[in-house]
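A.B. asks: Keeping their order, the protein sequence lines are chains A and B. All the letters of the first sequence, read from the start, carry residue numbers 355 to 889 under my numbering. All the letters of the second sequence, read from the start, carry residue numbers 355 to 889 under my numbering. Quick reminder that beta carbons are idealized off the backbone N, C-alpha and C, glycines included.
Number of protein chains: 2
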Amino acid sequence: MDCSLKYNDMDKTKAYGRLMGCKPFDVRKGLSPSRIENSTIEEAGSLSFNYASLPVDDEILDALQALADEQQLIGKYKALLSGEIMNVGEKRLVLHQLTRGRVLEGVSVMADGVEKGAFYEKELSRIKEFSDKVRSGEIKGSTGKEITTVVQIGIGGSDLGPRALCYALNLIGEADGCTKKLNARFLSNVDPDDAANVMEGLDLERTLFILVSKSGTTQETLANRDLVFKVMRDSGIANLVSEKHVVAVTSNTSPLASDSSILEAFYMDDYIGGRYSSTSAVGGVVLSLVYGFDVFRQLLDGAHAEDVVALESNVRKNGVLMDAMIGVFLRNVLGYPYSAVLPYSQELYRIPAHLQQLDMESNGKHVNRNGERLSYKTGPVIFGEPGTNGQHSFYQLLHQGTDIVPMQFIGFREAQGDLDSVSGGSTSHEKLNANLVAQMVAFACGKDDEENPNKAFDGNRPSSVLVADRLTPFALGSILAHFENKVMFQGFVWNINSFDQEGVQLGKILAKKVLAGCEGDGNLEKYSQLLTKKV
Amino acid sequence: MDCSLKYNDMDKTKAYGRLMGCKPFDVRKGLSPSRIENSTIEEAGSLSFNYASLPVDDEILDALQALADEQQLIGKYKALLSGEIMNVGEKRLVLHQLTRGRVLEGVSVMADGVEKGAFYEKELSRIKEFSDKVRSGEIKGSTGKEITTVVQIGIGGSDLGPRALCYALNLIGEADGCTKKLNARFLSNVDPDDAANVMEGLDLERTLFILVSKSGTTQETLANRDLVFKVMRDSGIANLVSEKHVVAVTSNTSPLASDSSILEAFYMDDYIGGRYSSTSAVGGVVLSLVYGFDVFRQLLDGAHAEDVVALESNVRKNGVLMDAMIGVFLRNVLGYPYSAVLPYSQELYRIPAHLQQLDMESNGKHVNRNGERLSYKTGPVIFGEPGTNGQHSFYQLLHQGTDIVPMQFIGFREAQGDLDSVSGGSTSHEKLNANLVAQMVAFACGKDDEENPNKAFDGNRPSSVLVADRLTPFALGSILAHFENKVMFQGFVWNINSFDQEGVQLGKILAKKVLAGCEGDGNLEKYSQLLTKKV
Numbered sequence: 355m356d357c358s359l360k361y362n363d364m365d366k367t368k369a370y371g372r373l374m375g376c377k378p379f380d381v382r383k384g385l386s387p388s389r390i391e392n393s394t395i396e397e398a399g400s401l402s403f404n405y406a407s408l409p410v411d412d413e414i415l416d417a418l419q420a421l422a423d424e425q426q427l428i429g430k431y432k433a434l435l436s437g438e439i440m441n442v443g444e445k446r447l448v449l450h451q452l453t454r455g456r457v458l459e460g461v462s463v464m465a466d467g468v469e470k471g472a473f474y475e476k477e478l479s480r481i482k483e484f485s486d487k488v489r490s491g492e493i494k495g496s497t498g499k500e501i502t503t504v505v506q507i508g509i510g511g512s513d514l515g516p517r518a519l520c521y522a523l524n525l526i527g528e529a530d531g532c533t534k535k536l537n538a539r540f541l542s543n544v545d546p547d548d549a550a551n552v553m554e555g556l557d558l559e560r561t562l563f564i565l566v567s568k569s570g571t572t573q574e575t576l577a578n579r580d581l582v583f584k585v586m587r588d589s590g591i592a593n594l595v596s597e598k599h600v601v602a603v604t605s606n607t608s609p610l611a612s613d614s615s616i617l618e619a620f621y622m623d624d625y626i627g628g629r630y631s632s633t634s635a636v637g638g639v640v641l642s643l644v645y646g647f648d649v650f651r652q653l654l655d656g657a658h659a660e661d662v663v664a665l666e667s668n669v670r671k672n673g674v675l676m677d678a679m680i681g682v683f684l685r686n687v688l689g690y691p692y693s694a695v696l697p698y699s700q701e702l703y704r705i706p707a708h709l710q711q712l713d714m715e716s717n718g719k720h721v722n723r724n725g726e727r728l729s730y731k732t733g734p735v736i737f738g739e740p741g742t743n744g745q746h747s748f749y750q751l752l753h754q755g756t757d758i759v760p761m762q763f764i765g766f767r768e769a770q771g772d773l774d775s776v777s778g779g780s781t782s783h784e785k786l787n788a789n790l791v792a793q794m795v796a797f798a799c800g801k802d803d804e805e806n807p808n809k810a811f812d813g814n815r816p817s818s819v820l821v822a823d824r825l826t827p828f829a830l831g832s833i834l835a836h837f838e839n840k841v842m843f844q845g846f847v848w849n850i851n852s853f854d855q856e857g858v859q860l861g862k863i864l865a866k867k868v869l870a871g872c873e874g875d876g877n878l879e880k881y882s883q884l885l886t887k888k889v
Numbered sequence: 355m356d357c358s359l360k361y362n363d364m365d366k367t368k369a370y371g372r373l374m375g376c377k378p379f380d381v382r383k384g385l386s387p388s389r390i391e392n393s394t395i396e397e398a399g400s401l402s403f404n405y406a407s408l409p410v411d412d413e414i415l416d417a418l419q420a421l422a423d424e425q426q427l428i429g430k431y432k433a434l435l436s437g438e439i440m441n442v443g444e445k446r447l448v449l450h451q452l453t454r455g456r457v458l459e460g461v462s463v464m465a466d467g468v469e470k471g472a473f474y475e476k477e478l479s480r481i482k483e484f485s486d487k488v489r490s491g492e493i494k495g496s497t498g499k500e501i502t503t504v505v506q507i508g509i510g511g512s513d514l515g516p517r518a519l520c521y522a523l524n525l526i527g528e529a530d531g532c533t534k535k536l537n538a539r540f541l542s543n544v545d546p547d548d549a550a551n552v553m554e555g556l557d558l559e560r561t562l563f564i565l566v567s568k569s570g571t572t573q574e575t576l577a578n579r580d581l582v583f584k585v586m587r588d589s590g591i592a593n594l595v596s597e598k599h600v601v602a603v604t605s606n607t608s609p610l611a612s613d614s615s616i617l618e619a620f621y622m623d624d625y626i627g628g629r630y631s632s633t634s635a636v637g638g639v640v641l642s643l644v645y646g647f648d649v650f651r652q653l654l655d656g657a658h659a660e661d662v663v664a665l666e667s668n669v670r671k672n673g674v675l676m677d678a679m680i681g682v683f684l685r686n687v688l689g690y691p692y693s694a695v696l697p698y699s700q701e702l703y704r705i706p707a708h709l710q711q712l713d714m715e716s717n718g719k720h721v722n723r724n725g726e727r728l729s730y731k732t733g734p735v736i737f738g739e740p741g742t743n744g745q746h747s748f749y750q751l752l753h754q755g756t757d758i759v760p761m762q763f764i765g766f767r768e769a770q771g772d773l774d775s776v777s778g779g780s781t782s783h784e785k786l787n788a789n790l791v792a793q794m795v796a797f798a799c800g801k802d803d804e805e806n807p808n809k810a811f812d813g814n815r816p817s818s819v820l821v822a823d824r825l826t827p828f829a830l831g832s833i834l835a836h837f838e839n840k841v842m843f844q845g846f847v848w849n850i851n852s853f854d855q856e857g858v859q860l861g862k863i864l865a866k867k868v869l870a871g872c873e874g875d876g877n878l879e880k881y882s883q884l885l886t887k888k889v
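(1) Please tell me whether Gly510 of chain A and His753 of chain B are closer than 9 Å, where the distance is taken between their beta carbons.
(2) If I measure Cβ to Cβ from Gly443 of chain A and keep anything under 6 Å in the same chain, skipping five residues before and after, which residues do I get?
(3) Excluding the 5 residues flanking Thr394 of chain A on each side, which residues of the same chain have their C-beta closer than 6 Å to its C-beta?
(4) Taking any Cβ of chain A, which residues in the stretch 469–483 of chain B have a Cβ under 7 Å from it, in chain order?
(5) Check the Cβ of Pro516 of chain A against every Cβ in chain B and list those closer than 9 Å, keeping chain order.
(6) Exposed or buried, which one is Gly460 of chain A when buried takes at least 16 other CB atoms within 10 Å?
(7) Which partner residues does Gln506 of chain B have in the DSSP bridge list?
(8) For Ser782 of chain A and Pro740 of chain A, what's the separation of their Cα atoms in angstroms?
(9) Is the beta carbon of Ala788 of chain B sitting closer than 9 Å to the one on Ala577 of chain A?
(10) When you compare only the Cα positions, how much space is there between Tyr621 of chain A and Leu565 of chain A?
(11) So Tyr703 of chain B and Gly765 of chain B are supposed to be a Cβ contact under 8 Å. How far apart are they, rounded?
(12) Less than 8 Å between the CB atoms is what I'm expecting for Glu424 of chain A and Thr367 of chain A, so what's the real figure, rounded?
(13) Below 9 Å between beta carbons: does that hold for Asp580 of chain B and Ser775 of chain A?
(14) Per DSSP, what are the beta-bridge partners of Phe620 of chain B in this structure?
(15) Please work out which residues of its chain come closer than 6 Å, Cβ to Cβ, to Ser496 of chain B, disregarding the five sequence neighbours upstream and downstream, and give them in chain order.
(16) DSSP puts Gln573 of chain A in a beta bridge; with which residues?
(17) Please state the DSSP three-state secondary structure of Val889 of chain B.
(18) Is the CB of Pro807 of chain B under 9 Å away from at least one CB in chain A?
(19) Would you tell me roughly how many angstroms separate the C-alpha atoms of Gln700 of chain A and Asp548 of chain B, rounded to the nearest one?
(20) Assuming Ala550 of chain A and Leu617 of chain B make a contact with CB atoms under 8 Å, what is their CB distance in whole Å?
(21) Leaving out five residues before and five after Asp623 of chain B in sequence, what residues of the same chain have Cβ atoms less than 6 Å from its Cβ?
(22) When you compare each of A:Asp655, A:Ile501, A:Thr561, A:Ala538 to Gly831 of chain A by their alpha carbons, which one comes out closest?
(23) So Lys568 of chain A contacts chain B; which residues on that side make the cut at Cβ distance below 9 Å?
(24) With DSSP as the reference, label Tyr914 of chain A as helix, strand or coil.
(25) Over what stretch of residues does the beta strand (DSSP E) that includes Ile396 of chain B continue unbroken?
(26) Mind pulling the chain B residues with CB within less than 8 Å of Ser782 of chain A?
(27) Once DSSP output is grouped into helix, strand and coil, what is the label at Leu820 of chain A?
(28) As an exercise, report each continuous beta strand (DSSP E) stretch of at least 3 residues that is fully enclosed by the stretch 357–435 of chain B, in chain order.
(29) In or out: Leu684 of chain B buried (at least 16 other Cβ within 10 Å) or exposed?
(30) Count the other CB atoms within 10 Å of the CB of Val468 of chain A; is the residue buried (16 or more) or exposed (fewer)?
(31) Do you know how far the Cα of Tyr690 of chain B is from the Cα of Leu643 of chain B?
(32) Here's the rule: buried if 16 or more other CB atoms are within 10 angstroms of the residue's CB, otherwise exposed. What is Met464 of chain A?
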């Protein structure tokens, strides 16, 4: 344990007072070509972060640097990487970065009598072996047919991240190391209509189900497993053996790990939070099956490279740290309660839903890591849709509403796929990026219109942009890690535990009570009647 | 024109001061079985609205009634229905309710020399005739094959509403009047990767494209049309005639209306805002093709029935009015800047995205209908995901974050589809609803935990619930109209124009400038370089 680390609430630091005294930079007046030029920080691979349209100047950045230093962000990151118990509430290590490689060279992490780096590597090689065999046809379905579709059954972290990443790679090709794609579907909700939709038109003989639950006891996931088994039984397909069509991703102590009704189990552990599990077997099995292990390996490499650049302690040289610290300024000094994530890539259309979980479940806390109530704001509400779609929807409020919503854009210099054509003098991808550029400037600079005040734009709407050459598996991994590490750094600033989720427990307990007949709780009974009694 | 109507800002009313003096009701202390029992308002069909877990008491409701009366909400609704120019900025009538029927008996609406009720009815009968012929196989593709898939090409209101409604009916069956389903896909984003995904695996000979653009000039939609035409040309399919595979939904004055490259055009007009257009031909053509005209007719009937019940002026007897007015209390008295929409139905998974547009584009305004700047807050940020998925994601922040997020639940007494089974003593649908009930009580009542403050829940998190028997086409129409009318009423309270969207214009202008080479705007140039220059 690193005894030099101090865990103080943000408002107990010296830097806090200094920061709270800072006035926001006027972007409308101050945005300039040279500011844009000088506000880019290179991250992993081709990824860079540009903060020119965020309301910060050198004075604010100095104050943010002081706060980052005083809260020992890099020291705490290194402690996490070294295997300290950073999830203090649950007394657990936090090891998701280790699933993609060792960030601190020579540092090995022991837990439960196992060297965890070796443990994750072993699972990786098992995933490679298994996915290779399924994709080559060596492992077939129970009736002898090749597997062409995989269905991931999981909820929360076992669904949102893997699903967003899987969707995000749909148009990669041979140049990306993907010679063949399997179909992918995802089943998450306990609503039986979700299963009915996902099972529609499925060729059961050619389908492999991946059951994902760390504890092996997730109510929704087990209910969906049972529904899938029922559909298999009712299918009337001769010789269909459901056990040959189901693998599990779980912890090695869970009931699923030794379940005889599955073909194979892959392991993660209690040191990987659900929302941080995309680079563990939780995302690895499905992505390796669908796109091939090499693609997943590139994604891990991109995330790892990003984990490495995040070690830099100078805010001005570390894009993630900059993003995190300006986020604190927006939240705690300027008081903005939300942040919009706006990817200009249709491939990333479920990334906002993943980041919503990642950020809101990690940092939506009102007590510090010791359980004491905080007197400042923590994590904001995250929402978003891809551009240009959002432009024709909620951007109206972003431009002209009564509140200011900070925005985080994501853009790429090239499309992922090959299809494009010129229409009206430009390609679709050129139009896409022209819109992104236009929005950043429109939000920053606004437009006066004294004659028609309903056509006036105040400007000074803060935005940043993450840019990469193309949405490759590597870039996708880097973007994922950027946000994971941003959330981690902000949690350190706020002195909260970003790695537990006690807020989900009460609902689970009460739902069980409802299913057991409400046990005399009149409110539960009345609401239950409302949901059962026909009018 | 109804000269008895006065258009005053909310803070100029007498009721406003009274409302601002109201203290919120303590739901944690005050929720009781009798309160739940007495807080249901019946709406259209089986739909009802329950507000027991919202922080209001009789004093507040009286103040809200006074404000609704003073702002003449029902009078303004009737003026709108009667064809007054309610979209004052664009000098247009607002007629989306008329697309589903006449709410005020005997009132006909003339515009452009046409009786608009008859106009929409005529389009309906044309949609019926055309969709019947396609579904029966009388109208075939150009190579003589039956149409099995329809692809809607549109963005914003031409996409979000129709898409959400189409997805929401996927499991209806013969008992709902649906004897056959065509496949549906939606193409919206100018990102060429969207087109590449949507075109993947498409059988062009069996596909009908629906090009939806009121103006006929929407950049994204025309670019996607050109991409689709390119794919058709490149397909090498003999005798494939693209004109036979494309219909349009547009205004009858648009260039598309007379375009020779389309098979047929269906019309809406300038009195139907994009985000309100789901019940016009914009939603009607695709829904009638996919599910049959009878299903679309039921949806219209459900929306119409809801439009009728919204005429009631007593807040306590009008669920939509109650929902709208309590929303004003949450926004302007309690200051909550967002509202989460949480449907406990996987079928409704894109409804939050539609409501995000509907609400934020309508009411994200900072000037009143005369263009004067307002000194109070208007529309909130809307976001959401289906339960139970959200429970394993951002509900952590909703339960234990530092801010309070009002929630709007939606639930159904039955599943839409047939698939379900008992697992661990209950069906999946019972589990779904048990979770909904549990969440409402957990958010309202919280839970103390003095030993483990990180496991304590403050409670008093406001929520309401819309409940219907089952997600039928009729119920779906009612739910759609509930939200449309809620947004309209809130716009009347705030004295804004909920029917224009000037905030989307600046981005369009600047995007054109970027495509034209930035015209010397240094900021546009620098950001463009960032998006084009490879590292």
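C.D. replies: Let me lay it out:
(1) no
(2) When the five nearest sequence neighbours on each side are left out, the beta carbons in the same chain lying within less than 6 Å of the beta carbon of Gly443 of chain A are those of Asn851, Asp854, in order along the chain.
(3) Ser402, Asn404
(4) none
(5) Going along chain B, no residue has its Cβ under 9 Å from Pro516 of chain A, so there is no contact; the nearest lies around 13 Å.
(6) exposed
(7) Gln506 of chain B is bridged to B:Phe540, B:Ile564.
(8) 15 Å
(9) no
(10) Computed Cα separation, rounded: 12 Å.
(11) About 14 Å; that fails the 8 Å criterion.
(12) 5 Å
(13) yes
(14) B:Val603
(15) Leu594, Val595, Lys598
(16) According to DSSP, which records beta bridges pairwise, Gln573 of chain A is partnered with nothing at all.
(17) Here the model assigns Val889 of chain B a pLDDT of 45, short of 50, so the residue's position is not dependable and the matter cannot be decided.
(18) yes
(19) Here the alpha carbons of Asp548 of chain B and Gln700 of chain A stand approximately 6 Å from one another.
(20) Wrong, their Cβ atoms sit about 34 Å apart, outside the cutoff.
(21) Ser605
(22) A:Asp655
(23) Chain B residues near Lys568 of chain A: none, gap ~12 Å exceeds 9 Å.
(24) There is no way to answer for residue 914 of chain A, as the model of chain A reaches only from 355 to 889.
(25) In the sequence as displayed, the identity of residue 396 of chain B is Glu instead of Ile. That run of the beta strand (DSSP E) goes 394–396.
(26) Val544, Asp545, Pro546, Ala549, Ala577, Asn578, Leu581
(27) strand
(28) 394–396, 402–404
(29) buried
(30) exposed
(31) Between the C-alpha atoms of Leu643 of chain B and Tyr690 of chain B there is a straight-line separation of about 41 Å.
(32) exposed
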